[in-house]
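> Order-wise, the sequence lines are chains A and B. Residues in the first sequence are numbered consecutively from 1, following our numbering. Residues in the second sequence are numbered consecutively from 1001, following our numbering.
Number of protein chains: 2
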Amino acid sequence: MRELRSAGIVAVGSELLTAFRQDTNSLFLAGRLNDLGIGVRAKAVVGDHRGDLAAVIREAMARADVVITTGGLGPTDDDLTREVVADLLGLPMEERPEILAVIQARFERRRVPMPAINRRQAQVPRGARALANPNGTAPGLWIETGDQLVVLLPGPPRELQPMFDTYVAPGLEAAAGGRRLRRRVVKVHGRSESQVEETAYPIYSQIGDEAVPVETTILATPGQIELHLTAAGTDVPLIDARLDDGSRRLVAALGDVVFSDDGRSLEKVAGDALKARGWRVAAAESCTGGLLLGRLTDVPGSSTWVAGGVVAYANEVKIDQLGVPRDVLDAHGAVSEPVALAMAHGVRDRLGADVGVAITGIAGPDGGTETKPVGTVVIAVTGPKTVVKTLWFPGDRSMVRAFSVASAIDLVRRVSLDPPA
Amino acid sequence: MRELRSAGIVAVGSELLTAFRQDTNSLFLAGRLNDLGIGVRAKAVVGDHRGDLAAVIREAMARADVVITTGGLGPTDDDLTREVVADLLGLPMEERPEILAVIQARFERRRVPMPAINRRQAQVPRGARALANPNGTAPGLWIETGDQLVVLLPGPPRELQPMFDTYVAPGLEAAAGGRRLRRRVVKVHGRSESQVEETAYPIYSQIGDEAVPVETTILATPGQIELHLTAAGTDVPLIDARLDDGSRRLVAALGDVVFSDDGRSLEKVAGDALKARGWRVAAAESCTGGLLLGRLTDVPGSSTWVAGGVVAYANEVKIDQLGVPRDVLDAHGAVSEPVALAMAHGVRDRLGADVGVAITGIAGPDGGTETKPVGTVVIAVTGPKTVVKTLWFPGDRSMVRAFSVASAIDLVRRVSLDPPA
Chain A
1 MRELRSAGIV
11 AVGSELLTAF
21 RQDTNSLFLA
31 GRLNDLGIGV
41 RAKAVVGDHR
51 GDLAAVIREA
61 MARADVVITT
71 GGLGPTDDDL
81 TREVVADLLG
91 LPMEERPEIL
101 AVIQARFERR
111 RVPMPAINRR
121 QAQVPRGARA
131 LANPNGTAPG
141 LWIETGDQLV
151 VLLPGPPREL
161 QPMFDTYVAP
171 GLEAAAGGRR
181 LRRRVVKVHG
191 RSESQVEETA
201 YPIYSQIGDE
211 AVPVETTILA
221 TPGQIELHLT
231 AAGTDVPLID
241 ARLDDGSRRL
251 VAALGDVVFS
261 DDGRSLEKVA
271 GDALKARGWR
281 VAAAESCTGG
291 LLLGRLTDVP
301 GSSTWVAGGV
311 VAYANEVKID
321 QLGVPRDVLD
331 AHGAVSEPVA
341 LAMAHGVRDR
351 LGADVGVAIT
361 GIAGPDGGTE
371 TKPVGTVVIA
381 VTGPKTVVKT
391 LWFPGDRSMV
401 RAFSVASAID
411 LVRRVSLDPP
421 A
Chain B
1001 MRELRSAGIV
1011 AVGSELLTAF
1021 RQDTNSLFLA
1031 GRLNDLGIGV
1041 RAKAVVGDHR
1051 GDLAAVIREA
1061 MARADVVITT
1071 GGLGPTDDDL
1081 TREVVADLLG
1091 LPMEERPEIL
1101 AVIQARFERR
1111 RVPMPAINRR
1121 QAQVPRGARA
1131 LANPNGTAPG
1141 LWIETGDQLV
1151 VLLPGPPREL
1161 QPMFDTYVAP
1171 GLEAAAGGRR
1181 LRRRVVKVHG
1191 RSESQVEETA
1201 YPIYSQIGDE
1211 AVPVETTILA
1221 TPGQIELHLT
1231 AAGTDVPLID
1241 ARLDDGSRRL
1251 VAALGDVVFS
1261 DDGRSLEKVA
1271 GDALKARGWR
1281 VAAAESCTGG
1291 LLLGRLTDVP
1301 GSSTWVAGGV
1311 VAYANEVKID
1321 QLGVPRDVLD
1331 AHGAVSEPVA
1341 LAMAHGVRDR
1351 LGADVGVAIT
1361 GIAGPDGGTE
1371 TKPVGTVVIA
1381 VTGPKTVVKT
1391 LWFPGDRSMV
1401 RAFSVASAID
1411 LVRRVSLDPP
1421 A
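#1: Take B/Gly-1008 as the anchor and find which of B/Ile-1117, B/Gln-1148 and B/Glu-1108 has the nearest alpha-carbon.
#2: If we call anything under 7 Å between Cβ atoms a contact, is B/Thr-1382 one with B/His-1345?
#3: Return helix, strand or coil for B/Gly-1013, following the three-state DSSP convention.
#4: To the nearest angstrom, how far is the alpha carbon of A/Lys-385 from that of A/Val-412?
#5: Kindly indicate which residue of A/Ala-62, A/Ala-55, A/His-49 and A/Arg-50 has the alpha-carbon position closest to the one of B/Asp-1052.
#6: How about A/Val-299 and A/Lys-268: are their beta carbons less than 7 Å apart?
#7: Tell me whether the stretch 1326 to 1334 of chain B and the stretch 325 to 332 of chain A touch, counting them as touching only if at least three CB pairs, one residue from each stretch, are closer than 8 Å.
#8: Any idea what DSSP makes of B/Ala-1402, helix, strand or coil?
#9: Count Cβ pairs between the stretch 1115 to 1123 of chain B and the stretch 1093 to 1105 of chain B that sit closer than 8 Å; are there 3 or more?
#10: Could you name the residues of chain A that B/Tyr-1313 contacts, counting a contact when the two beta carbons are closer than 7 Å?
#11: Under a CB-based cut-off of 7 Å, is B/Asp-1209 close to chain A?
#12: In this structure, does DSSP put B/Gln-1022 in helix, strand or coil?
#13: What whole-angstrom Cβ distance do A/Pro-154 and A/Gly-136 have, given they're in contact under 8 Å?
#14: Please classify A/Ala-421: is it buried, with 16 or more other beta-carbons within 10 angstroms of its beta-carbon, or exposed?
#15: Our contact map puts B/Lys-1043 next to A/Ala-55 with C-beta atoms below 8 Å; I'd like the distance itself, whole angstroms only.
#16: Would A/Ala-220 count as contacting chain B if we go by Cβ distances under 7 Å?
#17: Less than 7 Å between the C-beta atoms of A/Leu-131 and A/Pro-125, yes or no?
#18: Measure how close the beta-carbons of A/Gly-13 and A/Leu-181 come, nearest whole angstrom, since I'm counting them as under 8 Å.
#19: When we look at the beta-carbon of A/Ala-253 and count the other beta-carbons within 10 Å, is it buried (16 or more) or exposed?
#20: Use the C-beta contact count for A/Asp-165: other C-beta atoms within 10 angstroms, 16 or more gives buried, fewer gives exposed.
#21: Mind checking if B/Ala-1200 is an interface residue toward chain A, Cβ cutoff 7 Å exclusive?
#22: Using the rule of at least 16 other Cβ atoms within 10 Å of the residue's Cβ for burial, across every protein chain shown, is B/Gly-1263 buried or exposed?
#23: Against A/Glu-98, what residues of chain B qualify as contacts under a CB-to-CB distance less than 9 Å, listed in chain order?
#24: Which chain B residues sit within Cβ distance under 7 Å of A/Arg-110?
#25: Once you ignore the five residues that flank A/Glu-337 on each side, which residues in its own chain have a CB closer than 8 Å to its CB?
#26: Along the chain, where does the alpha helix (DSSP H) that runs through A/Pro-170 open and close?
#27: Give me the residue from B/Pro-1134, B/Val-1374, B/Arg-1050 and B/Ile-1068 with the minimum Cα distance to B/Phe-1107.
#28: Kindly say whether A/Glu-59, judged by its beta-carbon, lies nearer than 7 Å to any beta-carbon of chain B.
#29: Whole-angstrom Cβ separation of B/Ser-1006 and B/Arg-1032, contact assumed at under 8 Å?
#30: Terminal residues of the continuous beta strand (DSSP E) containing A/Met-93?
#31: Using a C-beta cutoff of 7 Å, does B/Leu-1017 count as contacting chain A?
#32: So, under 8 Å CB-CB, B/Val-1355 and B/Leu-1274 are touching, yes? Tell me the CB distance rounded to an integer number of Å.
#33: List the residues of chain A that B/Gln-1321 touches, going by C-beta distances under 8 Å, in chain order.
#34: On the criterion of 16 or more Cβ atoms from any shown chain inside 10 Å, does B/Val-1236 qualify as buried, or is it exposed?
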């Protein structure tokens, strides 16, 4: 087999050609393949249609060293991947008694007779290596003929992912000749993509030009900019040293807007900072309506550093549950710095937490005014010190809410990392 | 041009071949194309590499009546889509002064000189029709030659989507000869995919077999099963009548587990039921940590029917903020029906709402016990009547949380739709 440098991914299934189902396996596979130093040349999605499927797999094989298909390994007439690949490679199909026995045993364990159609899943191209599937009936298949490597995986992620890691990755690793792609991710909050680019450009054009070139890409999501540094080769310690150096230089240039260079999420970093001090946070949310607390409590183990919070959508809730004075609300309006501060203090004191964070704003589509347009958000944090900020975020309701949550978590991070007042 | 029945979609951009960026435009395009009665034969993702790009677009053109590309229309050397398509169709490139004028005017409005490289965006294949882009510099292109139709759209969704709806949809509609695909969606909570399938199968095998065949597909997400009914043809009133009939029969067979047959989300249905009664809901969340409130307040205008809520992660917050008696917590544990009921009553009374809903459970990965394994969740709703349920959900932390939120919203829906006690 030739040395593996490039891969093609083909997702099979007519449902993946509608507006309602997305192929997500290819993201998992792209990540794993990249880690093995194998780049993805192209991805394709094709329906359960023999002619289209054959054409798409043939094209993928013409372009890439290894083709990985996902889906179409079920027992029904719609499941064509096995046969189409056998045809393309000129291999006859044969029934494997040992595969059939595994499928039969699976049904026996569940005390259900094996439907006759499942017998099809034991029919495989001659010479194929079957990959065990503890989470389903369809075995995966590893097929090498001459210069071609084709790997057939089942569609459900909980079947595909362990099968890839157990069987496919080691096989590809052996074939890839020790080449690896390594990655560092520097994550930033509080700068725009172009601001990050401006600061980072001189560094990444330089590290991209050295003997071990480090490639940098920028990814932006609401409230977060990521710089991905990658380098490939066989000398892993050398590559890691180059990446560490590049990452260190970017962190130094960007300063404290960098919240993570070790893969941790913003909420994990904030949580770790709170935990290190033995502090708990409480949140009061208006326009984000629970999303801030939802994101903080997404972190496993967050119960040690999240006390809880109050979603104060209605003004009476702000008054009764958070102790925001009615005259402050009347004088300044719900979206104002005095109200945000009162909310932060109120939730902290009432829930007996160490840090209080509050968000109040206008997420839209309605509710904007001349002086406080949609996207106006006030965030307050109180702990060893107190900070309040009025911000404006672009985009629709969900974007404004996402930006607000990220900004609030970042303020919690900053207050928790700061030396106490 | 031939009658349009099938489409191919090609997303262009090396970043779409990594683990970190997903092509989402193709979901939007598939939905819009299906609505026009045009099926998607295949989708492809290809990097900014001339040879691969040419091969992938050529293959798509061989298979489909119309090919839509997204991305690769920017001003840099990496942006190759225009030139590659011109090559494939044998069209020379030419600079269009009227396109250049629009791009220059855009920069002038922002008081920025136009970078020289942006001139490339005014170079288009001869005979191409430019599609105006109010949200960016890259015009779209509509290129018809002989039997081929190729449409080039920019990658950013906020540029692509209005351009499709304004220019591409009407053009395709004219070419599609009045054929339409229509859709009804029946949404179910509280049944598994196989239970829904068992009930629905006799109906959809029948409606699939009539003179105007209605096709049914099932889509499952945590806490929601969707039945999509589609039919295509030129006699839209007849198709709509068949779909209405099919949808009615499914709703009748499935009963009150159907929460929507008009496209509304579960939270919108619950909110509309609350609003119709002039009620407001308040929520107390433990393991879902704000996600229930976050999802309810995702609905624009939800401030009229959401009072707010309390995220009571810590037991002291359950006691102090919700009035859960300490001896009830001690006797039954935080994940118990008495505690869920006390939380629901507490949040309703303290926030002055009409309906109170509470979730307490073990989302994992830690915290499970022999008698209350990970996935155990108790949900209580109190309003005109009071309901409490102990449920068990499969999957990881995020799945358990998503199932819990959907179940709680469905209980709010049921209590709000019921005749008052």
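Positions of the beta carbon are idealized from the N, C-alpha and C atoms, including for glycine. A quick note: this is a predicted structure, and the numbers were derived from the prediction, not measured.
For this structure:
#1: B/Gln-1148
#2: yes
#3: coil
#4: 11 Å
#5: A/Ala-62
#6: yes
#7: no
#8: helix
#9: yes
#10: Thr-297, Ser-303, Val-306, Ala-307 and Gly-308
#11: no
#12: coil
#13: 6 Å
#14: Any reading at A/Ala-421 is ruled out, since the residue's pLDDT is 44, under 50, leaving its predicted position unreliable.
#15: The Cβ separation is near 14 Å, so there is no contact.
#16: no
#17: no
#18: Incorrect: roughly 29 Å between the Cβ atoms, too far for contact.
#19: exposed
#20: exposed
#21: no
#22: exposed
#23: Neighbours of A/Glu-98 on chain B: none; closest Cβ ~29 Å, over 9 Å.
#24: Per Cβ cutoff of 7 Å: no residues; A/Arg-110 is ~13 Å from chain B at best.
#25: Val-378, Ala-380, Val-388 and Thr-390
#26: 169 to 175
#27: B/Pro-1134
#28: yes
#29: Incorrect: roughly 15 Å between the Cβ atoms, too far for contact.
#30: 93 to 95
#31: yes
#32: 7 Å
#33: Gly-308, Val-310, Gln-321, Arg-350 and Leu-351
#34: exposed
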